[in-house]
Amino acid sequence: MNKLPELSVNTNESNNTSIEDLYGQLMDLSPKIVTIFTPSNRSEEEERFLSGEIRNPQFYYEKLNSADFDEALEKIRELGDKILNHPDLTSVGKKVYEGFIKKYYEQIELLRCAQDYHGASLEEDKQKIAEAYKCLNIETYGEPNEGTYRSLLGEKLNCVRNKNLTGKADGLRKELFGMVDFDPDVDIPERFRPSSDTLQWMHGVAESLYGGMLKHIPDEQAEFNPHELQKIFTDIIEEEFNGCGGAEGCSGVAEGWTVSVEKATSINVKSSEKKIVIPDNDMIRSRKKVENLVVHEIGVHMLRSITGGETNILPLKSGLSGYYDTEEGLGVVMEQALSGKFAERGVDHYITAGLAHFDNKDFREAFEIKWRLSLLSSVDDGSEVGDEQIAKAKKSAFTQTLRSFRGANDLPLFKDLSYYNGSVEVWRYLESIKGDDFLLSLLLAGKVNTSADHRRVILESKSV
């Protein structure tokens, strides 16, 4: 791995540009990992893979392969120098920006490792790059816990094992248990869950906070395509955040935010671009799913970016170092708070990461386990499974497995661990503050995690 650039201190350099303008330039260099790790040839490789023509998909990443990461790192270093040497920078701001810039370095190095991995021709070189990628992956997104992985997988396997299955379903079960290392006699420890009092408190918070947004989902409609979802998101931004109703020349706290339907793997809130991207596909979403998306994407991701952007600590707009698990976790928690029901989230992503990380499963092996596990978990005792159900399970498992292997193709990416780790972190925090609305409000005041250090940054920031 190349050494990360060091920030210099040059107190003699004239720096007349405002911190806000410098930060805006820095935001333009944000390492857009989701976008860069979106395969250019997904459809073709999915078809070849599902047909059995190839063992593992070889995705091509046009944006990754064409990127100049040396140039990006140099630009970040230059802007970082100017920000950290700026005469208007406070001591609190200095620490925040140092962490923010370090995070950018690490993310770009992760991208460069993926680029180098694809370009390496010698196996020895690939192994060295893979090790560097693994370290940066863990540094950026954390590492799965083996005990948690075994517990989550074991619980699902026990459920399948105890079902009364016959015919093709029973055959699939035998195939599944031939693919995994499973001991039914090992006790599965209980995992954390919030108390009923905390759930009830947060249910009231969600209803109050998101009631106005949810009114923009048409009452008479049960299902929504991507363009209908785009209209709902746009209406919420215009009327709930800007108070304009789309009137020309009117501005508000969400001025400049747009919603687009374009090529993407999943819905993505791009704070640096003030844009929400919805995948251009044929996915039809239920009303309940749309409610969850409004709460998660707008009510958490977009809202925290807006509130953070209204302070003098500008990285609160895009995320302090170490914020990401809480960001995704809070989105999940608010969905569950709205329904008043707790359920572990991101379990499938966690299991995929564990299969790759601890059991050394490649894309094909993880996929074959995942679609069988998902299908058999959903069937009732005595039910048979048909070709249509199997095809649907395989398509879903392909998408999930892609998310966990995107980028390097045969190395896991731990980005989606945040859905499990983050939701548990946030529920634990909410349990600890015992209904304190003020401490909860601090969690919504910018893109921060639940730590005391991040809370201090919020408290010491000022509105602008």
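Its first residue numbered 1374, the sequence shown is counted upward by one per residue in our numbering. The C-beta atom is built at its ideal place from N, Cα and C for all residues, glycine as well. Predicted model only: the values in this text are computed from it and were never measured.
Same chain, Cβ closer than 6 Å to T1390, five either side skipped, listed in chain order: By one-based count along the sequence shown, residue 1390 stands at place 17. So the list is empty, once near-sequence residues are dropped.
Using a threshold of 7 Å, state whether the C-beta atoms of R1677 and K1820 are closer than that. On the sequence shown, position 304 is the one that residue 1677 refers to. On the sequence shown, position 447 is the one that residue 1820 refers to. Contact flag set, yes.
Please give me, in chain order, every unbroken run of the alpha helix (DSSP H) with length at least 4 that falls completely inside the stretch 1730-1816. 1736-1751, 1760-1778, 1791-1806 and 1810-1816
Rounded to whole angstroms, what's the CA-CA distance from S1769 to W1744? Just pull it up for me. Taking the sequence shown and counting its residues from 1, one reaches residue 1769 at position 396. Taking the sequence shown and counting its residues from 1, one reaches residue 1744 at position 371. Cα to Cα, the separation comes out at about 8 Å.
Please list the terminal residues of the continuous beta strand (DSSP E) segment that includes V1634. As a first step, residue 1634 is located in the sequence shown; it is residue number 261 there, counting from the start. Counting along the chain, the beta strand (DSSP E) containing V1634 begins and ends at T1631 to E1635.
Pull up the distance between the alpha-carbon of L1816 and that of L1832, whole angstroms please. Position 443 of the sequence shown holds residue 1816. Position 459 of the sequence shown holds residue 1832. Distance between the alpha carbons of L1816 and L1832 is about 11 Å.
Count the other CB atoms, across all protein chains shown, that sit within 10 Å of the CB of I1456; report buried if there are 16 or more and exposed otherwise. For the purposes of this step, residue 1456 is taken as residue 83 along the sequence shown, with counting starting at 1. The residue is buried, with at least 16 neighbouring Cβ atoms inside 10 Å.
Would you call the CB atoms of I1657 and E1596 closer than 7 Å? Numbered from 1 along the sequence shown, position 284 holds the residue referred to as residue 1657. Numbered from 1 along the sequence shown, position 223 holds the residue referred to as residue 1596. Their beta carbons are under 7 Å apart, which means I1657 touches E1596 by this criterion.
Are three or more beta carbon pairs between the stretch 1746-1758 and the stretch 1600-1616 nearer than 8 Å? no
Since P1652 is in the beta strand (DSSP E), which residue starts that stretch and which ends it? The residue labelled residue 1652 in the question sits at position 279 within the sequence shown. Taken as a continuous stretch (DSSP letters only), the beta strand (DSSP E) holding P1652 covers K1648 to P1652.
Expressed to the nearest angstrom, what Euclidean distance is found between the alpha-carbon atoms of L1728 and P1430? To locate residue 1728, count along the sequence shown from 1; it is residue 355. To locate residue 1430, count along the sequence shown from 1; it is residue 57. Cα-Cα distance, rounded: 17 Å.
Only counting the same chain, and skipping five residues up and downstream in sequence, which positions put a Cβ closer than 8 Å to that of D1783? Sequence index remark: in the sequence shown, residue 1783 carries index 410 (1-based). N1429, D1735 and F1736.
Could you check where the alpha helix (DSSP H) with K1476 kicks off and where it finishes? By 1-based counting over the sequence shown, the position of residue 1476 is 103. Run containing K1476: S1464 to G1492, per the alpha helix (DSSP H) assignment.
Note down, in chain order, each residue of its chain lying with its Cβ closer than 7 Å to the Cβ of H1838, except the 5 sequence neighbours on either side. Any question about residue 1838 goes unanswered here, given that the chain covers just 1374 to 1837.
Is Y1583 closer than 7 Å to V1668 when the C-beta atoms are compared? Along the sequence shown, read from residue 1 onward, the residue named residue 1668 stands at position 295. Along the sequence shown, read from residue 1 onward, the residue named residue 1583 stands at position 210. The answer is yes: Cβ separation under 7 Å.
Touch test, the stretch 1693-1707 against the stretch 1794-1807, Cβ-Cβ under 8 Å, three pairs minimum: yes
Name the DSSP beta bridge partners of E1613, please? Counting from one through the sequence shown, the residue named residue 1613 turns up at place 240. For E1613, which the question treats as bridged, DSSP gives no partner whatsoever.
Enumerate in chain order the residues of its own chain whose CB-to-CB distance from G1681 is below 6 Å, with the five nearest sequence positions on each side excluded. Indexing the sequence shown from 1 puts residue 1681 at position 308. Result list for G1681: L1689, K1690, G1819 and K1820, in chain order.
With burial defined as no fewer than 16 other Cβ atoms inside 10 Å of the residue's Cβ, what is the status of D1489: buried or exposed? Residue 1489 sits at position 116 when you count from the first residue of the sequence shown. Its Cβ being crowded by 16 or more others within 10 Å, D1489 is buried.
Please state whether the Cβ-Cβ distance between H1722 and P1517 is less than 7 Å. As a first step, residue 1722 must be located in the sequence shown, where it is residue number 349. As a first step, residue 1517 must be located in the sequence shown, where it is residue number 144. Against a cut-off of 7 Å, the Cβ pair of P1517 and H1722 comes out as no contact.
State buried or exposed for C1486, treating a residue as buried only when at least 16 other CB atoms are found within 10 Å of its CB. Position 113 of the sequence shown, counted from the start, is the residue given in the question as residue 1486. Under this definition C1486 is a buried residue.
Label N1794 either buried or exposed according to how many other C-beta atoms from any shown protein chain fall within 10 Å of its C-beta, with 16 as the threshold for buried. Numbered from its first residue, the sequence shown carries residue 1794 at position 421. Answer is buried; the Cβ neighbour count reaches 16.
Do A1579 and M1675 have their beta-carbon atoms positioned less than 7 Å apart in this structure? Walking along the sequence shown from the start, residue 1675 turns up at place 302. Walking along the sequence shown from the start, residue 1579 turns up at place 206. The answer is no: Cβ separation not under 7 Å.
Taking only three categories from DSSP, how would you classify F1597? Your numbering for residue 1597 matches position 224 in the sequence shown. Here F1597 sits in strand by DSSP.
Using only the alpha-carbon positions, how far apart do N1537 and D1543 sit? Along the sequence shown, one-based indexing puts residue 1537 at 164. Along the sequence shown, one-based indexing puts residue 1543 at 170. Using only the alpha carbons, I get a separation of about 8 Å.
Does the stretch 1643-1656 come close enough to the stretch 1549-1564 that 3 or more CB-CB pairs lie under 8 Å? no
Report yes if the C-beta of Q1480 is less than 6 Å from at least one heavy atom of the ligand FMN; otherwise report no. Absent from the structure shown: the ligand FMN. Ligands present: none.
Do you know how far the Cα of G1692 is from the Cα of T1463? Residue 1463 sits at position 90 when you count from the first residue of the sequence shown. Residue 1692 sits at position 319 when you count from the first residue of the sequence shown. Those two C-alpha atoms are separated by around 18 Å.
Who pairs with K1714 in a beta bridge, going by DSSP? To locate residue 1714, count along the sequence shown from 1; it is residue 341. In the DSSP output, where bridge partners are listed per residue, K1714 has none listed.
Under a three-way DSSP split, which group does T1411 fall into? Position 38 of the sequence shown, counted from the start, is the residue given in the question as residue 1411. Coil, per DSSP.
Inter-residue CB distance, E1418 and F1432 (contact presumed, cutoff 8 Å): As a first step, residue 1418 is located in the sequence shown; it is residue number 45 there, counting from the start. As a first step, residue 1432 is located in the sequence shown; it is residue number 59 there, counting from the start. Indeed they touch by this definition, with Cβ atoms about 6 Å apart.
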